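Peer 1: Sharing a structure below in structure tokens format, with a few things to ask.
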Amino acid sequence: MRDLQTPENLGQVLDAIPLALVTIDRNGAIRAFGKRAEDMFGYRAEEVIGCNVSLLTAPHIAAEHDHYLAEYARTGVRHVIGATRIEMAQHKSGHQFPVELRVSEIRLDGEVAYQGFLRPINGDELQRGEAKAMLADLAQASRVSAMGALATAIAHELNQPLTNIANYTQGLSNLVSQQDEFAGREEVMRVLETCSDQAVRAGQLLHRLRDFVRGGQPQTGPNAVAGLVRDATALALINGYKRTIHVTYDLPVDLPTVEVDHLQGQQVLFNLVRNALEAIDAEHGGHHELVIAARQVNDFIELSVEDDGPGIAPAIADSLFESFVTTKGGGMGVGLAICKQIVEAYGGSIHAGKSARLGGAAFRFTLPISSESETAGG
Ligand code: ADP
């Protein structure tokens, strides 16, 4: 830990560094705000000094910050400090943009303070750093899930004809076995038995394939809803943030944690947000709205992603969550099937409909509340 003297001196240091620097005290109040931070956020330093840092973050993250600071002060356990992460920052105009953030602990006037180094990131930078690693994890998980969805779909489709083959051959062998006079009986019986064995074997192989793909054991545990939303939307929006899309987060501060594998939870949200952005993108021009909300419904948290795009095409509305259903030229049509598979594996459900507030599509899914639920966290 270094000892820096006054916020004024600090300002000069900040301006010399090619990153936006924001220093906050232990309560989250902004103590120093560099020139580059002014450019990045559209505020002048004197407007924000003394204000809570939540001013600079997407609203759903703001509540988390206070929680982090309080928890860190209480437990000394580091969630954010020392690590580089992707966050959604908020410009004075309300526009949100992804940034790479690194926080370090310093001493300011003899007190603990935190210094955040921020760098805006854009689509080109997906090839580098933390965003690349996060996207690679997600892509890998998506590939595994796509294989799973594929295996499940194939197993489902082939199971019936295989069962039929096994039944028909069994029926035939019964018929043949009753024909005493039939010269080639032994030979035909042998062939039919082989047919039947092969059909059963093919069925077993399919089941094994499905179990194998499912086998990549997820790490289920309590996850903060805000954290899942933060990670997934930041990644999904990196490619789309240049368009005028205003994202509203409606996430109550005291939501209990959900029981899910972090990557899988992120994957469901990522797919839904990406689909919403793609639907919006297909509509030309204009200003667009996205609402991501969460609320408690009995023992579950219901998360929703709503957009003001064209809504779900009526032709596919009934088969939306089945594999290989798509209206996109290059689409695979497994995204929503994967979402359904993940959500249902945790005992939740997923539905699509029309967004009452935005007019486009609304997707809602539930995840169970963790039994040893804390509110917020990592
Ligand atoms: P893909 O994105 O590869 O088509 P998905 O399973 O993710 O596969 O989506 C299936 C289809 O559902 C899409 O092709 C699209 O027609 C429809 N869809 C999904 N999300 C939305 C949305 N937010 N608005 C309108 N249609 C959507």
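Under the numbering used here, the residue at position 336 of the sequence shown is numbered 340, and the numbers go up by one with no gaps. All C-beta atoms, glycine included, are put in the ideal place defined by N, C-alpha and C. Everything numeric in this text was worked out from a predicted model, so none of it was measured.
Looking at G363 and the ligand ADP, is the gap between the Cβ and the nearest heavy atom below 7 Å?
Peer 2: Not so, every heavy atom of the ligand ADP lies at least 7 Å from the Cβ.
Peer 1: Counting only runs of 3+ residues fully inside the stretch 244 to 324, write out the beta strand (DSSP E) ranges in chain order.
Peer 2: As far as the stretch 244 to 324 is concerned, its whole beta strand (DSSP E) runs of at least 3 residues are 249 to 254, 262 to 265, 292 to 301, 304 to 311.
Peer 1: When you compare the stretch 344 to 360 with the stretch 267 to 282, are there three or more beta-carbon pairs, one atom per stretch, that lie closer than 8 Å?
Peer 2: Segments in contact, yes.
Peer 1: Do L362 and E293 have their CB atoms nearer than 8 Å?
Peer 2: Cβ distance < 8 Å, so L362 and E293 count as in contact.
Peer 1: Tell me the DSSP secondary structure of V116 in three-state form.
Peer 2: Residue state, collapsed to three classes: strand.
Peer 1: With a Cβ-Cβ cutoff of 8 Å, do A283 and P314 count as a contact?
Peer 2: Their beta carbons are under 8 Å apart, which means A283 touches P314 by this criterion.
Peer 1: State yes or no: is the C-beta of L105 within less than 8 Å of the C-beta of D29?
Peer 2: In this structure, D29 does not lie closer than 8 Å to L105 by Cβ.
Peer 1: Among L209, D184, I34, G38, whose alpha-carbon lies nearest the alpha-carbon of L59?
Peer 2: L59 has its Cα closest to that of I34, out of L209, D184, I34, G38.
Peer 1: Of all the options T224, D303, S181, A356, which has the alpha carbon lying nearest to the alpha carbon of P372?
Peer 2: The shortest C-alpha separation from P372 is found at D303.
Peer 1: Could you have a look at T330 and say whether DSSP puts it in helix, strand or coil?
Peer 2: The answer is coil: DSSP assigns T330 none of H, G, I, E or B.
Peer 1: By DSSP's criteria, F369 is part of a beta bridge. Which residues make up the other side?
Peer 2: According to DSSP, F369 bridges with L307, I354.
Peer 1: DSSP on I53, reduced to helix/strand/coil?
Peer 2: Here I53 sits in coil by DSSP.
Peer 1: Helix, strand or coil for E109, going by three-state DSSP, please let me know.
Peer 2: Note: E109 maps to strand in three-state DSSP.
Peer 1: Give me the residue from D235, L210, V52 with the minimum Cα distance to N275.
Peer 2: Checked all of D235, L210, V52; the closest Cα to N275 is D235.
Peer 1: Does any heavy atom of the ligand ADP sit closer than 7 Å to the C-beta of T331?
Peer 2: For the ligand ADP, at least one heavy atom lies less than 7 Å from the Cβ of T331.
Peer 1: With a threshold of 16 other CB atoms inside 10 Å of the CB of Y245, please say whether the residue is buried or exposed.
Peer 2: Caution is warranted here: a pLDDT of 48 is assigned to Y245, below 50, making its placement in the model unreliable, and the coordinate value is therefore given only provisionally. It counts as buried.
Peer 1: When we look at the beta-carbon of S359 and count the other beta-carbons within 10 Å, is it buried (16 or more) or exposed?
Peer 2: Burial call: buried.
Peer 1: How big is the Cα-Cα spacing for E376 and P226?
Peer 2: Approximately 8 Å, taken between the alpha carbons.
Peer 1: Using a Cβ-Cβ cutoff of less than 7 Å, which residues in the same chain neighbour V329 once the five nearest sequence positions on both sides are dropped?
Peer 2: Cβ within range, chain order: I320, S323, G337.
Peer 1: Use the C-beta contact count for L209: other C-beta atoms within 10 angstroms, 16 or more gives buried, fewer gives exposed.
Peer 2: With fewer than 16 other Cβ atoms within 10 Å, it is exposed.
Peer 1: Do D258 and T297 come within 8 Å of each other at the CB atom, strictly closer than that value?
Peer 2: Strictly speaking, residue 297 in this sequence is Ala, with Thr absent from that position. No; because the gap between Cβ atoms is not below 8 Å, this pair is not in contact.
Peer 1: Is the beta carbon of V180 closer than 8 Å to that of L162?
Peer 2: Contact: no.
Peer 1: Going by the DSSP bridge assignment, what does L25 pair with across the sheet?
Peer 2: Note: L25 sits in a beta bridge opposite F121.
Peer 1: Within 10 angstroms of the Cβ of P102, are there 16 or more other Cβ atoms? Answer buried if so, exposed if not.
Peer 2: The residue in question, P102, is buried, as its Cβ has 16 or more Cβ neighbours within 10 Å.
Peer 1: What does the alpha-carbon distance come out to for the pair Y47 and K96?
Peer 2: Each residue's Cα considered, the two are about 6 Å apart.
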